[in-house]
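Residue numbers are given in UniProt numbering: position 376 of the sequence shown equals residue 376, and the series is strictly consecutive.
Where a beta carbon is used, it is the ideal one built from N, C-alpha and C, also for glycine.
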Amino acid sequence: MKLAKRVSTLTPSTTLEITAKAKELKDAGHDVIGLGAGEPDFNTPEHILDAAKKAMDEGLTKYTPSGGLPALKKEIISKLEKDQKLSYKPSEVIVCTGAKHALYTLFQVILDKEDEVIIPTPYWVSYPEQVKLAEGVPVYVEGKEENQFKITPSQLKAAITSKTKALILNSPSNPTGMIYSKQELQELGQVCLDHDVLIVSDEIYEKLLYDGNEHVSIAQLSPELKNMTIIINGVSKSHSMTGWRIGYAVGNASIISAMTNLASHSTSNPTSIAQYATIAAYSGSQEDVEVMRQAFEERLNIIFEKLNQIPGFHCIKPQGAFYLFPNASEAATMAGFDDVDGLVKALLEEEKVALVPGSGFGADNYVRLSYATSLDQLEKAIERIARYMEKVT
Ligand code: PLP
């Protein structure tokens with residue numbers, strides 16, 4: 001069967017691929033340590049599970065409005081009011097089947113053929129594919145390591161053309177864990193306002209910040225920036241709810257309305273019981289969110305030091321999310337490989353440690369390690385990587 005052209009260059013998500021490969025080895029009896037996962041290793045908090053069970057018991061298992069339950073939209077609006085001092089109407093909110101689906105739907109409704117979307121590198125793996133699926137063109141701008149993997153206003157300005165439709169900002173970032181400061185956001189935002197470029201602000205790691213850093217949304221910085229920004233967020237990472245598939249987009253009412261129309265013909269609505277669970281996630285205590293954040297910060301502080309001691313691995317300290325993104329090109333050369341992909345493959349085959357190669361994030365010299373796994377496993381993984389480097393050098 002001849003497939004449609006639009007999927008001919010579509011590649012599977014590198015992160016899901018490596019997770020699947022690690023699982024395969026594990027199922028075959030190998031003691032694999034998977035550091036590829038993009039999800040918290042904690043169970044969903046109890047009161048959220050209870051709300052879902054209650055919804056099932058009460059028969060709340062039917063279709064909901066396509067854009068999400070009004071009661072959930074209300075909670076999302078309260079959350080944005082409380083956390084970001086931003087005020088939105090229900091017509092400016094859509095609940096989707098995860099933040100990933102919110103982004104997918106957004107690109108479908110804003111992009112025409114050959115419209116350009118500026119994607120800073122290193123990027124989250126799905127951005128380019130989603131832009132291409134909407135017939136858009138990803139335009140990459142390099143976030144250099146010496147600038148903490150962030151792009152500058154002059155780089156942004158240089159990348160803008162008459163076809164530029166949007167800029168994607170992901171702060172805190174997957175895979176680098178870096179965050180843009182208020183001033184950096186202000187400056188990048190000004191360039192977008194000057195050139196009429198929509199800002200897609202993916203804030204899914206908002207609650208995972210370390211060293212006392214606080215989240216700033218670019219939409220908070222002025223009414224003009226609020227009008228020019230679509231915020232993407234969800235409960236996957238903050239409330240350890242990856243499998244529930246609830247995310248959302250917030251912003252310009254006509255964009256949200258088009259997204260809601262599209263969703264009505266694609267998913268109909270996000271799962272009803274997951275929406276009730278999310279109402280509980282936002283209306284209930286946020287204590288678990290903080291407990292998980294603290295656990296991530298403790299792990300980060302321990303393994304960051306250890307990783308940097310391994311010959312050939314050089315890492316700058318992330319400020320958020322749950323990933324380390326070391327430059328491993330020297331380690332690859334020391335181990336006799338032409339590229340980091342070769343090193344990643346060898347570490348999986350010989351030491352049974354699964355890392356994600358940076359190539360999937362548009363940064364070939366790097367690897368991504370997720371610390372969303374127990375400290376015990378993390379320390380063991382670091383020992384295995386160190387042992388491997390000792391063996392091959
Ligand atoms: N955006 C970024 C940067 C992510 O890392 C992820 C998940 O890995 C998502 C969006 C999607 O999250 P969700 O589970 O809500 O679809």
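Distances taken from the Cβ of His265 to the heavy atoms of the ligand PLP include none shorter than 8 Å. The shortest CA-to-CA distance from Ile230 to any of Ser272, Leu80 and Asn301 is the one to Leu80. For Lys207, the secondary structure class from DSSP, reduced to helix, strand or coil, is coil. If you look at Gly234, you'll find it in the beta strand (DSSP E) that goes Thr229 to Gly234. Apart from sequence neighbours up to five positions away, the residues of its chain that approach Pro326 with a beta-carbon distance below 8 Å are Leu307, Asn308, Phe313, His314, Cys315, Tyr366, Val367 and Leu369, ordered along the chain. Taking a 10 Å sphere around the C-beta of His101, we find 16 or more other C-beta atoms and assign the residue as buried. Excluding the 5 residues flanking it on each side, Leu208 has same chain C-beta neighbours closer than 7 Å at Pro172, Lys237, Arg293, Phe296, Gly320, Ala321 and Phe322, in chain order.
When C-alpha distances from Asn269 are compared across Thr61, Ala28 and Lys54, the shortest belongs to Thr61. Secondary structure at Leu324: strand, using DSSP grouped into helix, strand and coil. One thing to note: Val250 has its Cβ within 9 Å of the Cβ of Glu92. Every unbroken stretch of the alpha helix (DSSP H) spanning 4 or more residues and falling wholly within the segment 4-88 is given here in chain order: 14-27, 46-57 and 70-84. Lys53 and Ala258 have their C-alpha atoms spaced approximately 32 Å apart. According to the DSSP assignment, Thr164 belongs to the beta strand (DSSP E) that extends over Thr164 to Asn170.
For the options Pro122, Leu10 and Ser66, the alpha carbon positioned closest to that of Ala363 is the one of Pro122. Leu378 counts as buried, since at least 16 other C-beta atoms from the protein chains shown sit within 10 angstroms of its C-beta.
Rounded to the nearest whole angstrom, the CA to CA distance from Thr373 to Asp41 is 6 Å.
Distances from the CB of His239 to the heavy atoms of the ligand PLP are all 8 Å or more. Per DSSP, Ala249 is not a residue of any alpha helix (DSSP H); the beta strand (DSSP E) it occupies stretches across Gly247 to Val250. Runs of the alpha helix (DSSP H) spanning 4 or more residues and lying entirely within the segment 124-193 occur at 126-133 and 153-159, in chain order. For the set Glu383, Val353 and Asp376, the Cα lying nearest the Cα of His30 is the one of Val353. Nearest in C-alpha terms to Glu17, of all of Ala4, Thr64 and Leu35, is Leu35. Glu379: member of the alpha helix (DSSP H) spanning Leu375 to Val392, first to last residue.
Inter-segment contact for the segment 276-283 and the segment 101-115 is absent: fewer than three beta-carbon pairs are separated by less than 8 Å.
Counting the other CB atoms within 10 Å of its CB gives Thr9 a total below 16, which places it among the exposed residues. Residue environment for Val344: buried (at least 16 other C-beta atoms within 10 angstroms of its C-beta). Ala274 is a Cβ neighbour of Arg245, given a cutoff of 9 Å. Three or more Cβ pairs drawn from the segment 169-184 and the segment 143-153 lie within less than 8 Å of each other, which places the two stretches in contact. Counting the other CB atoms within 10 Å of its CB gives Pro120 a total of 16 or more, which places it among the buried residues. In this structure Asn233 is buried. Its beta-carbon is surrounded by 16 or more other beta-carbon atoms within 10 angstroms.
As the crow flies, the alpha-carbon of Thr278 is around 21 Å from that of Leu106.
In terms of CA proximity to Glu224, Gln190 leads the group His239, Gln190 and Val200.
By alpha-carbon distance to Ser154, the top candidate from Val95, Lys85, Leu300 and Glu184 is Glu184. In this structure, Lys163 lies near Glu116, with their beta-carbon atoms less than 9 Å apart. Counting C-beta atoms within 10 angstroms of its own C-beta, Met1 has fewer than 16 neighbours from the protein chains shown and is therefore classed as exposed. For Glu206, same chain residues with a beta-carbon under 6 Å away, outside a window of 5 residues either side, are His215 in chain order. Distances taken from the Cβ of Leu72 to the heavy atoms of the ligand PLP include none shorter than 8 Å.
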